[in-house]
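Student: One structure is given below, represented as structure tokens, and several questions about it will come after.
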């Protein structure tokens with residue numbers, strides 16, 4: 634249940650939002666998608682396996698999507714803050 638909830642928000646939420654804005658950006662021929670990740674997306678830490686895995690997924694998705702969408706004038710960027718209590 635915890636894994637499903639984390640992936641639903643951290644990964645599938647990003648994908649749903651991307652799918653929601655892409656049609657407009659493609660019509661405009663430009664756009665910028667900024668996804669929130671974490672340093673744990675590329676530097677995993679012990680005891681955060683589930684969280685880190687969601688952020689790894691966001692990193693891979695965002696970096697791949699940036700290459701796919703670049704020909705359409707759309708860029709994808711990542712914000713990767715260090716530990717922040719939320």
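Numbering (our numbering), first residue to last: 634 to 719.
Note that beta-carbon positions come from the ideal geometry of N, C-alpha and C, so glycine has one too.
Are the CB atoms of residue 677 and residue 670 within a distance shorter than 9 Å?
Tutor: Looking up residue 670 in the chain shown gives position 37. Looking up residue 677 in the chain shown gives position 44. Not closer than 9 Å, so no.
Student: If you count every other CB in all the chains shown that lies within 10 Å of the CB of residue 643, and 16 or more means buried, which is it?
Tutor: Looking up residue 643 in the chain shown gives position 10. Burial call: buried.
Student: Could you give the DSSP three-state label for residue 664: helix, strand or coil?
Tutor: Taking the first residue of the chain shown as position 1, residue 664 is located at position 31. Three-state result, residue 664: strand.
Student: Report the partner residues of residue 712 according to the DSSP bridge assignment.
Tutor: On the chain shown, residue 712 is found 79 positions in, with the first residue counted as 1. Bridge partners of residue 712: 669.
Student: Am I right that residue 668 and residue 695 are in contact with their C-beta atoms under 8 Å? What's the rounded C-beta distance?
Tutor: One-based indexing of the chain shown puts residue 668 at position 35. One-based indexing of the chain shown puts residue 695 at position 62. Sure, about 5 Å apart at Cβ, within 8 Å.
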